[in-house]
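Okay, structure first, notes after.
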Amino acid sequence: MKQKIVIKVSTDGQRFRPAKAMKIVIYLLKLMLPYDIIWKKSSISTAKITTKAMKIAVTSPGVASVALTGEEKNQLVVTGEGVDAVNLTKLIRQTVGFAELLSLGPDGEKK
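Sequential numbering from 1 applies to the sequence shown in the UniProt record's numbering.
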């Protein structure tokens, strides 16, 4: 049976989602140390991030198709048989950045 997996991928280059307390600490540090060099983020383009995530998904065993959906094109829809959703999410998280498994279920297409 085909299954449909939806994974939300961070396309802004964030490696994790900071908690509220961490955001406050970062804000206070920025006020105390207003140097731009310290807070400079890496500038990896959105296209490179999505391409990397799609390459990882396509090379996983059992994947039949991969597509980008959502308003910001940050949701990866993977369909196939016998795809390990947790392992796929971990691989994307390790190489691309923040990834969140949104849904997992049977493919809704009728034959």
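Even glycine gets a Cβ: it sits at the ideal position worked out from N, Cα and C.
Does residue i pass the burial test, meaning 16 or more other C-beta atoms within 10 Å, or should it be called exposed?
| i | result |
| --- | --- |
| L88 | buried |
| T79 | buried |
| A53 | buried |
| I49 | buried |
| A57 | buried |
| L29 | exposed |
Opposite residue i in the DSSP bridges: which residues?
| i | result |
| --- | --- |
| V9 | A99 |
Could you give the distance in angstroms between the alpha-carbon of residue i and the alpha-carbon of residue j?
| i | j | result |
| --- | --- | --- |
| M1 | A21 | 44 Å |
| I7 | L33 | 36 Å |
| G62 | E81 | 5 Å |
| G108 | I5 | 11 Å |
Inter-stretch contact (C-beta, 8 Å, three-pair minimum) for the segment 3-12 and the segment 88-99: yes
In chain order, each alpha helix (DSSP H) run of at least 4 residues that lies wholly inside the segment 37-82: The alpha helix (DSSP H) runs lying completely inside the segment 37-82 and spanning 4 residues or more are 46-59, given in chain order.
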